[in-house]
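Reviewing the structure listed below.
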Amino acid sequence: MAKNLVIVESPAKAKTIKKFLGSSYQVVASNGHVRDLPKSQMGVDLDHDFEPKYITIRGKGELLSQLKKEVKKADKVYLATDPDREGEAISWHLKYALNLDQIPTQRITFNEITKEAVKGAIKQARDIDMNLVNAQQARRILDRVVGYQISPVLWKKVKKGLSAGRVQSAALKLLCDREDEIADFIQEEFWSIEAQFGKCKAKGHLGAKLTAIDKAKVHIENGKDSASIIERIRGAGDFLVEDMKKGKRSRKAPLPFTTSTLQQEASKRLNFTPQKTMRIAQQLYEGVEVKGAGQVGLITYLRTDSVRIAEEAHNAAVLFIEETYGREYAGEKKEPEKKGRIQDAHEAIRPTYATDYLPAKVEDSLSRDQFRLYKLIWERFMASRMSPAEYETYQVKLVKNEFEFTASGSRIRFPGFLKVYQEQEEEKETYESIEGLEIGDQVQLKKIEGLQHFTQPPARYTEASLVKALEENGVGRPSTYAPTIGILLTRNYIAKEKKSLFVTELGTIVNQIISEYFKDIVDIHFTAQMEESLDHVEEGTEEWKQVLRDFYVDFAPLVEVAMEKLEKVTIQDEVTDVICEKCGRNMVLKYGRFGKFYACPGFPECRNAKPYFEAIDAKCPLCGGQIQMKKTKKGRLYYGCENNPECGFMSWDKPTDQTCPECGSMLYEKVGKKRKLICSKEDCGYVKELPKEEEETDE
Numbered sequence: 001m002a003k004n005l006v007i008v009e010s011p012a013k014a015k016t017i018k019k020f021l022g023s024s025y026q027v028v029a030s031n032g033h034v035r036d037l038p039k040s041q042m043g044v045d046l047d048h049d050f051e052p053k054y055i056t057i058r059g060k061g062e063l064l065s066q067l068k069k070e071v072k073k074a075d076k077v078y079l080a081t082d083p084d085r086e087g088e089a090i091s092w093h094l095k096y097a098l099n100l101d102q103i104p105t106q107r108i109t110f111n112e113i114t115k116e117a118v119k120g121a122i123k124q125a126r127d128i129d130m131n132l133v134n135a136q137q138a139r140r141i142l143d144r145v146v147g148y149q150i151s152p153v154l155w156k157k158v159k160k161g162l163s164a165g166r167v168q169s170a171a172l173k174l175l176c177d178r179e180d181e182i183a184d185f186i187q188e189e190f191w192s193i194e195a196q197f198g199k200c201k202a203k204g205h206l207g208a209k210l211t212a213i214d215k216a217k218v219h220i221e222n223g224k225d226s227a228s229i230i231e232r233i234r235g236a237g238d239f240l241v242e243d244m245k246k247g248k249r250s251r252k253a254p255l256p257f258t259t260s261t262l263q264q265e266a267s268k269r270l271n272f273t274p275q276k277t278m279r280i281a282q283q284l285y286e287g288v289e290v291k292g293a294g295q296v297g298l299i300t301y302l303r304t305d306s307v308r309i310a311e312e313a314h315n316a317a318v319l320f321i322e323e324t325y326g327r328e329y330a331g332e333k334k335e336p337e338k339k340g341r342i343q344d345a346h347e348a349i350r351p352t353y354a355t356d357y358l359p360a361k362v363e364d365s366l367s368r369d370q371f372r373l374y375k376l377i378w379e380r381f382m383a384s385r386m387s388p389a390e391y392e393t394y395q396v397k398l399v400k401n402e403f404e405f406t407a408s409g410s411r412i413r414f415p416g417f418l419k420v421y422q423e424q425e426e427e428k429e430t431y432e433s434i435e436g437l438e439i440g441d442q443v444q445l446k447k448i449e450g451l452q453h454f455t456q457p458p459a460r461y462t463e464a465s466l467v468k469a470l471e472e473n474g475v476g477r478p479s480t481y482a483p484t485i486g487i488l489l490t491r492n493y494i495a496k497e498k499k500s501l502f503v504t505e506l507g508t509i510v511n512q513i514i515s516e517y518f519k520d521i522v523d524i525h526f527t528a529q530m531e532e533s534l535d536h537v538e539e540g541t542e543e544w545k546q547v548l549r550d551f552y553v554d555f556a557p558l559v560e561v562a563m564e565k566l567e568k569v570t571i572q573d574e575v576t577d578v579i580c581e582k583c584g585r586n587m588v589l590k591y592g593r594f595g596k597f598y599a600c601p602g603f604p605e606c607r608n609a610k611p612y613f614e615a616i617d618a619k620c621p622l623c624g625g626q627i628q629m630k631k632t633k634k635g636r637l638y639y640g641c642e643n644n645p646e647c648g649f650m651s652w653d654k655p656t657d658q659t660c661p662e663c664g665s666m667l668y669e670k671v672g673k674k675r676k677l678i679c680s681k682e683d684c685g686y687v688k689e690l691p692k693e694e695e696e697t698d699e
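Letter 691 of the sequence shown, counting from 1, is numbered 691 in the UniProt record's numbering, and no numbers are missing.
Here's what the structure looks like:
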């Protein structure tokens, strides 16, 4: 029987696909890229029309030898890497590295790893799409040229180890601009007036807000004016119900997830970083071991900006909704209009077997984080197929003399998609009974107060809101959001406190340099136009090297000017109170490829360095020292005393600054399917369950 070889990227994906193909198919993994530009040099020949120099990635030689042996046994090869530009490029590199010109070779792609999708892809096998490959080559070479020519400027003028990628520089500019807006913000005081009115005929009270004086919108600047207005209102007597409106409104179901919206919601709801979200989503896409079913790919492809859903998936979901919740909960299929740069090659992110693998069914087969992300994707997809939520609303206008109060509220009359998916910013019900209240009724003022407010500066970006801003401004593509933020954090250009992103001194300096000498690199519109040019390459309407030529003719002179005119910038290391045990100096904090570490400022005379451990809000119960987060050699997180090894305290569970109400011992935070506080004293048994909204599982 003919032997067919299928090459994918990962062993997990290979294992999942192997289930669907017969004995005539062998499925192997390349473990990602096998060729790339060299790290030690630019790898792009600028004198010969940007010709790239690809080399075998270090450590992939033995793997390629094994793959070549499998190729020799095969009559035909199918390249089944991911269905995007990068996946197309990996297949192209594999074809070259394995010398596949000597054997029939075709490309297959599928948006979901199911039996039908994989077998259907084989029936529709095609040649490698060089437009996709060239779009990826253009991006890779463009980013390499930018990074390898601006970075040496930063090394020489600021400090070694810095980088200045094309997309990361534009993202950093967004963050710096927000910091400037916050710094320039001038806070202003204002007041509002709220009241409670007794309903003469109807029972209870009606809450209302002062909205107009003499038909003009209310603007109260200070407490003195607020008190004066309140005094006048108190002396005005009963108010008249001048107008009443009852109405209905509906709230549409949310769209299914794209890469961007998944990262945003996972950050808001699960406290996942974008990198963590993508890593776990990749696992769910490639396949996990499900009890009783073997290796199963649970979600569709995770890098997409489309919200399109396949007809079969929609119909199956609607049938499930009708049977589970009732026919009135099923929504109609309405595809939203395509906007801007959306690529519609893939579907939205959805469960591959939504009605077969309900979250509760696979919970025992998944890790805690895998389950939480799968449940979020499942609920969002199912909600997107459901009917709108329907609300009942009211608005009442109360007047007396020149004063006008407005009372309004709403309540859910039909939950629709809310039956499955409660959105994070869910509005609270503010509906008060107005039964018996009619136009012309008199209502009595029962309570009134002035409330002080201050205008607020723009909020700092979180990882979720930065992803949204990158998408809205056309900076990068779905596959670039997570690594871009990761690089900015790793390089210490930005720091994260709780969920907010702050620009560091180093980030500010780097942004100032690039903004002054390489304006196009940080210009949002220029970056978006470059993405459109890459899209044109993918569509075959623009030649990939021409994109590079057009860019470089303006870029090259800027590098020379920056190298010549930019003055040396000195950044002082942060001095700590940690004393170097070898020479007695105060150690400083430095940043390496693995994050912060302590170093002696006496280098090179004193070369002492040691790890930096982040402290938590808890003291060691044995010696009173500060408890720190640490990691084992295998990377597992644990908590230890700053005085280790002299003090032997360590814990896998997170110590807290709280004590047990029953025995007085330290309480630990234990994370499982539910998050709890437990007593550190084993024979005590005290347990307190923590509210879900307090969860934080950032890595």
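Don't be surprised by glycine CBs; every beta carbon is placed ideally from N, CA and C.
Supposed close pair residue i, residue j - CB separation, criterion 8 Å
| i | j | result |
| --- | --- | --- |
| A281 | L373 | 6 Å |
| Y357 | L298 | 6 Å |
| I494 | V569 | Between V569 and I494 the Cβ distance is about 18 Å, and since that is not below 8 Å, they are no contact. |
| I57 | R85 | Going by Cβ atoms, the distance from I57 to R85 rounds to 19 Å, so no, they are not a contact pair. |
| F454 | Q196 | That belief does not hold up - the Cβ atoms of F454 and Q196 are roughly 25 Å apart, past 8 Å. |
| T109 | A97 | That pair is no contact at about 20 Å. |
| C540 | N99 | Note that residue 540 is Gly in the sequence shown here, rather than Cys. Contact doesn't hold; Cβ gap of about 27 Å is too wide. |
| residue 704 | T81 | No statement about residue 704 is possible, as the shown extent of the chain runs from 1 to 699 and does not include it. |
| P254 | E423 | 7 Å |
| L5 | A74 | 4 Å |
| C3 | Q26 | For the sequence presented, residue 3 should be read as Lys rather than Cys. That pair is a contact at about 7 Å. |
| E538 | A89 | That pair is no contact at about 12 Å. |
| I150 | V559 | 7 Å |
Given residue i as reference, the closest of the options once Cα atoms are compared
| i | options | result |
| --- | --- | --- |
| T462 | Q444, D441, G476 and G486 | G486 |
| I128 | E70, D101 and V288 | D101 |
| E154 | G540, R491, P621 and V687 | In the sequence on display, residue 154 carries Leu and not Glu. Among G540, R491, P621 and V687, the Cα nearest to that of L154 is on R491. |
| C660 | C647, S651 and K676 | K676 |
| Q66 | K631, I7 and K119 | I7 |
| A125 | V77, G584, N586 and R636 | V77 |
| T277 | A135, M587, N99 and I349 | I349 |
| K681 | L690, E689, Y668 and R139 | Y668 |
| E662 | K3, F371 and I678 | I678 |
| C620 | F649, Y612 and V296 | F649 |
| L437 | H93, I55, G147 and F239 | F239 |
| V158 | I571, E242 and A135 | I571 |
| S384 | L284, K252 and T355 | K252 |
| K670 | N643, Y639 and V537 | Y639 |
| A317 | N134, A330 and D441 | A330 |
| D243 | Q106, C176 and V399 | V399 |
| C684 | M666, K674 and L690 | M666 |
| C623 | N643, P274, F50 and S651 | N643 |
| G440 | D369, I17, K199 and F526 | K199 |
Exposed unless 16 or more other CB atoms sit within 10 angstroms - verdict on residue i
| i | result |
| --- | --- |
| D184 | exposed |
| C580 | buried |
| K397 | buried |
| G340 | For G340, the predicted model reports a pLDDT of 48, less than 50, meaning its position is unreliable; a value from the coordinates is still stated below. Per the 10 Å Cβ criterion, exposed. |
| R549 | exposed |
| N401 | exposed |
| H314 | buried |
| H346 | buried |
| Q546 | exposed |
| D305 | buried |
| V71 | buried |
| Q512 | exposed |
| residue 766 | Any answer about residue 766 is impossible in this case: the structure gives the chain only from 1 up to 699. |
### Query
Contact between the stretch 465-480 and the stretch 247-267: three or more CB pairs below 8 Å?
yes
#### Entry: 3 or more residues per run - each beta strand (DSSP E) lying fully within the stretch 567-615
574-579, 586-592, 595-599 and 609-611
### Whole runs of the beta strand (DSSP E) within the stretch 79-133, excluding any shorter than 3 residues
105-107
#### Entry: Any alpha helix (DSSP H) of 4 or more consecutive residues that is wholly inside the stretch 283-359
311-324
### Task
Evaluate contact between the stretch 222-235 and the stretch 406-417, counting only Cβ atoms and requiring at least three cross-stretch pairs below 8 Å.
no
### Message
Using 8 Å as the cut-off, can you tell me whether the stretch 621-635 makes contact with the stretch 596-608, which would need three or more C-beta pairs spanning the two stretches below that distance?
### Response
no
### Query
What are the uninterrupted segments assigned as alpha helix (DSSP H) that are 4 or more residues long and contained completely in the stretch 137-186, given in chain order?
166-184
### Query
Given 8 Å as the limit, is there contact between the stretch 385-394 and the stretch 415-422, that is, 3 or more CB pairs closer than that?
yes
### Task
Report yes or no: do three or more beta-carbon pairs, one from the stretch 130-149 and one from the stretch 162-173, lie closer than 8 Å?
yes
### Message
Quick check for students: name the residue ranges of the beta strand (DSSP E) that lie wholly in the stretch 11-42, counting only runs of 3 or more.
### Response
25-29
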